[in-house]
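Heads up, the thing below is written out as structure tokens.
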Amino acid sequence: MTTTDGKLPEIKTAVPGPKSKEICNTEQRYIAPGRQRISLLAGLAFDHGEGATLTDADGNTYVDFFAGVAVASLGHGHPGLAQALAHQASRLMVGTFATRERAEAFKLLSEVAQAADFFFLDRLPPYDATLLIPQKGDFSMARAALSRAREILSAIEFTHAALDAALRAGAAELKIKAGQMFQPIRVAVCGRKEAPPLFETLEVLGRETCLKRIDRALEMLPA
């Protein structure tokens, strides 16, 4: 299920409805003042969620633009998450001691952080300039690809479609394969060959960062 699989928004009663009011009033009798400010402002009591939608106790369905912890990217009621939680709850609920699942989760988090660190660095760590050489190419090809890429990225709109079309056209102009164009760009902006998809990466990093990193890569290449 994706976040688009939920119901369409539908309002059946006044908002907040009578059931929401009754539940919220009951709750307020038992919690400390000043807590749950957002809940107080909304006056809504929710019954369930599905994908990107939430349904309150009165049957009104809303698009959730205020997704909370653990639902921001997965959506409400994600079957994969529900299955994983049910599996773990049926075996062990104590989080203080080491388990295989916890060790694997920590390992995955560490690997993800290392794989995506270039998104958050002002300057990439040193890397071997030979990584910039395209497959079946040389430093001269790398320089040509990066120089043309810099010209393109200086002027092109930073969207996936525009970047894809322009950089493929640049490769055709240089009479090299698209992969030979993309590899030195990927290494220049990420500092490694293995990285997320190129066009999404360029889009997220933005023009200024990409140009700065390409300039540094060009400086690393032998004249």
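Residues 1367 to 1589 (the numbering used here) are what the sequence shown spells out, left to right. All residues carry an ideal CB built from backbone N, CA and C; glycine is no exception. Note that the structure is predicted; figures quoted are calculated from it, not measured.
Residue(s) in a DSSP beta bridge with residue i
i: residue 1421; result: 1414 and 1427
Chain-order list of residues whose beta-carbon lies under 8 Å from that of residue i (same chain, five-residue window excluded)
i: residue 1432; result: 1404
i: residue 1492; result: none
i: residue 1472; result: none
i: residue 1512; result: 1498, 1550, 1551, 1554, 1580, 1583, 1584 and 1587
Simplified DSSP assignment, three categories, for residue i
i: residue 1376; result: strand
i: residue 1526; result: helix
i: residue 1444; result: coil
i: residue 1570; result: helix
i: residue 1545; result: helix
i: residue 1533; result: helix
i: residue 1477; result: helix
i: residue 1449; result: helix
i: residue 1585; result: helix
i: residue 1455; result: helix
i: residue 1381; result: coil
i: residue 1494; result: coil
i: residue 1468; result: helix
Proximity of residue i and residue j at Cβ, strictly below 7 Å
i: residue 1418; j: residue 1441; result: yes
i: residue 1659; j: residue 1515; result: This structure leaves residue 1659 out entirely; the chain is present only between 1367 and 1589.
Neighbourhood of residue i by C-beta, 6 Å cutoff - its chain only, sequence neighbours within 5 removed
i: residue 1421; result: 1413, 1414 and 1427
i: residue 1509; result: 1587
Among the options, the one whose alpha carbon lies nearest that of residue i
i: residue 1579; options: 1545, 1464, 1488 and 1424; result: 1488
i: residue 1573; options: 1517, 1538 and 1550; result: 1517
i: residue 1501; options: 1483, 1546 and 1536; result: 1546
Contacting residues, own chain, Cβ-Cβ under 7 Å from residue i (five flanking each side not counted)
i: residue 1409; result: 1382, 1386, 1387 and 1390
i: residue 1482; result: none
Chain B contact for residue i (CB, 7 Å cutoff)
i: residue 1561; result: Reference to chain B is not applicable here, since this structure consists of a single protein chain.
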